[in-house]
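Colleague: Here it is, the structure in full.
2 protein chains.
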Amino acid sequence: MGRWQPDAPGRLRRAAMELYRERGYDRTTVAEIAARAGLTERTFFRHFADKREVLFAGSIVLQERMVRALAATDDAAVPIDKVAAALAAAAGMLTDREFSRQRQAVIASHRELQERELIKLASLSAALADTLRRGGVIEPTASLTAEAGVAVFKIAFERWIDDRNTRGFADLIEESLAALRAVAAGG
Amino acid sequence: MGRWQPDAPGRLRRAAMELYRERGYDRTTVAEIAARAGLTERTFFRHFADKREVLFAGSIVLQERMVRALAATDDAAVPIDKVAAALAAAAGMLTDREFSRQRQAVIASHRELQERELIKLASLSAALADTLRRGGVIEPTASLTAEAGVAVFKIAFERWIDDRNTRGFADLIEESLAALRAVAAGG
Chain A
1270 MGRWQPDAPG RLRRAAMELY RERGYDRTTV AEIAARAGLT ERTFFRHFAD
1320 KREVLFAGSI VLQERMVRAL AATDDAAVPI DKVAAALAAA AGMLTDREFS
1370 RQRQAVIASH RELQERELIK LASLSAALAD TLRRGGVIEP TASLTAEAGV
1420 AVFKIAFERW IDDRNTRGFA DLIEESLAAL RAVAAGG
Chain B
1270 MGRWQPDAPG RLRRAAMELY RERGYDRTTV AEIAARAGLT ERTFFRHFAD
1320 KREVLFAGSI VLQERMVRAL AATDDAAVPI DKVAAALAAA AGMLTDREFS
1370 RQRQAVIASH RELQERELIK LASLSAALAD TLRRGGVIEP TASLTAEAGV
1420 AVFKIAFERW IDDRNTRGFA DLIEESLAAL RAVAAGG
């Protein structure tokens, strides 16, 4: 112990998810998560503030990457294409469907976690709108584009983690974006 | 007391809002709200479950009216026009800007209330999507249309209660809807 642990955050996340499913989120302790991962509590707290953060640390990284991808688009690009770039960045991160599916099941079973998830999505929308405004997009277009982008993200995500789904997240993002365009065009 | 009180819910709402602003939401009791409105606690509880419901009872009525307006549209109407009908119903209800503005200030100052507000908006989106599906709209179009409708609602609402705004809610809804169409068209 004390030495560098290969992929400690990944091991802690997987251990936490196992325990949340086996005995429930409320009854799982940080000590148990660390033990299951074969790591110390100290190592746990080096990576996560608490057991809730195991579920939400990824959301922060996701938001950062989406904002960065949006900010990197050309100022001349139309708003929807800027948001499409952010969604493509998200698609590049969401590849572990089993983890996402288990995470969603834990969140769905706790009102407090559901509320936190909604706050995270609202924060994502606000960050995207802010980045659009900095890139010269005016209101209400900036906020609407951001909200529409988060809607596309949410719906593609729900479909992606559906048991019957066999398609990739990027593919579903593209389909949702196309459906949004069709809806707004009055199709 | 005990006799019918004209506009008891309205008086209780206004009294509650005054107290929430004067002494804060946390420090206000139901007894104080009733006293300020010149009514009994019993009358309060005939209209609201608790002091939080004074802020959110309107959201339930709003959702019901929006769902009803959407359900009443022709099955042949395109999804965005169905949602536009729901938004028009909302605009018909949101006329007391001062109340909405004060309510929003109270909600913004309490994380628990903010979370509840987000849950209410998620519930509105789910109800609209459900009504669209019953009207024959398939997925992901139903969910996307509902989310887009809620986005238009949220953004029009934020602009409506802005101090500098002098325009009506219906007008702002129309503008937000037009902006959404332009965004999705790649404008």
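Chains as they are written, first to last, in this note's numbering: chain A, 1270 to 1456; chain B, 1270 to 1456.
The beta carbon of each residue, even a glycine, is placed where N, CA and C say it ideally should be.
All values derive from a computational prediction rather than experimental measurement.
Measure the CB-CB distance between B:V1452 and A:T1400 and report whether it falls below 8 Å.
Modeller: no
Colleague: Using a beta-carbon distance below 8 Å, is A:L1382 in contact with chain D?
Modeller: The question asks about chain D, but that chain is absent: this structure's protein chains are A and B.
Colleague: Terminal residues of the continuous alpha helix (DSSP H) containing A:G1361?
Modeller: P1348 to M1362
Colleague: My output table needs one value for A:A1345: the three-state DSSP class, helix, strand or coil.
Modeller: coil
Colleague: Select from the segment 1396 to 1420 of chain B all residues with a C-beta closer than 9 Å to any C-beta belonging to chain A, and list them in chain order.
Modeller: E1408, P1409, T1410, S1412, L1413, T1414, A1415, E1416, A1417, V1419 and A1420
Colleague: Tell me whether A:E1291 counts as near the ligand FMN, meaning its Cβ is closer than 7 Å to at least one heavy atom of that ligand.
Modeller: As far as ligands go, the structure on display features none, and thus does not contain the ligand FMN.
Colleague: Output, in chain order, the set of chain A residues within a Cβ distance shorter than 9 Å of B:R1450.
Modeller: A1453, A1454 and G1455
Colleague: Could you spell out where the alpha helix (DSSP H) holding A:T1400 opens and where it closes?
Modeller: R1380 to R1403
Colleague: Just the chain B side, please: which residues come within less than 8 Å of A:K1389 by C-beta, in chain order?
Modeller: Ordered by position in chain B, no residue passes the 8 Å Cβ test against A:K1389, which lies about 10 Å from the chain.
Colleague: Using a 10 Å radius around the Cβ and a threshold of 16 neighbouring Cβ atoms, would you call B:T1435 buried or exposed?
Modeller: exposed
Colleague: How would you label B:P1275, buried or exposed, when you count the other beta carbons within 10 angstroms and need 16 or more for buried?
Modeller: exposed
Colleague: For chain B, find out if any of its Cβ atoms is closer than 8 Å to the Cβ of A:K1423; answer yes or no.
Modeller: yes
Colleague: At a Cβ cut of 9 Å, what residues of the segment 1331 to 1349 of chain A count as close to chain B, listed as they run along the chain?
Modeller: V1347, P1348 and I1349
Colleague: Under the assumption that B:K1320 contacts B:A1285 (Cβ atoms under 8 Å), give the Cβ distance between them as a whole number of angstroms.
Modeller: 7 Å
Colleague: So what does DSSP say about A:L1308, is it helix, strand or coil?
Modeller: coil
Colleague: I need the boundaries of the alpha helix (DSSP H) containing A:S1423, first residue and last residue.
Modeller: In the sequence as displayed, the identity of residue 1423 of chain A is Lys instead of Ser. Note, A:K1423: alpha helix (DSSP H), T1410 to W1429.
Colleague: Using a 10 Å radius around the Cβ and a threshold of 16 neighbouring Cβ atoms, would you call B:M1270 buried or exposed?
Modeller: With a pLDDT of only 48 at B:M1270, under 50, the local geometry of the prediction cannot be trusted, and the value read off the model is given with reservation. Exposed.
Colleague: Keeping to the same chain, check which residues put their C-beta closer than 8 Å to that of B:E1301; ignore five residues upstream and five downstream.
Modeller: L1288
Colleague: B:L1390: which of B:F1317, B:V1330 and B:F1313 sits nearest, CA to CA?
Modeller: Ranking B:F1317, B:V1330 and B:F1313 by Cα distance to B:L1390 puts B:V1330 first.
Colleague: Need the endpoints of the alpha helix (DSSP H) that B:F1438 sits in, please.
Modeller: F1438 to A1453
Colleague: Would you say A:R1428 lies against chain B (beta-carbon separation less than 8 Å)?
Modeller: yes
Colleague: Between the Cα of A:N1438 and those of A:A1277, A:V1406, A:Q1371 and A:A1358, spot the shortest distance and give me the residue it belongs to.
Modeller: Residue identity check: residue 1438 of chain A is Phe in the sequence provided, not Asn. It is A:A1358.
Colleague: Is B:S1328 close to chain A, meaning its C-beta is less than 8 Å from at least one C-beta of that chain?
Modeller: no
Colleague: So is A:M1270 in contact with chain B if we call contact Cβ pairs under 8 Å?
Modeller: Any reading at A:M1270 must be qualified, since the residue scores a pLDDT of 47, below 50, and its modelled position is unreliable; no value is offered.
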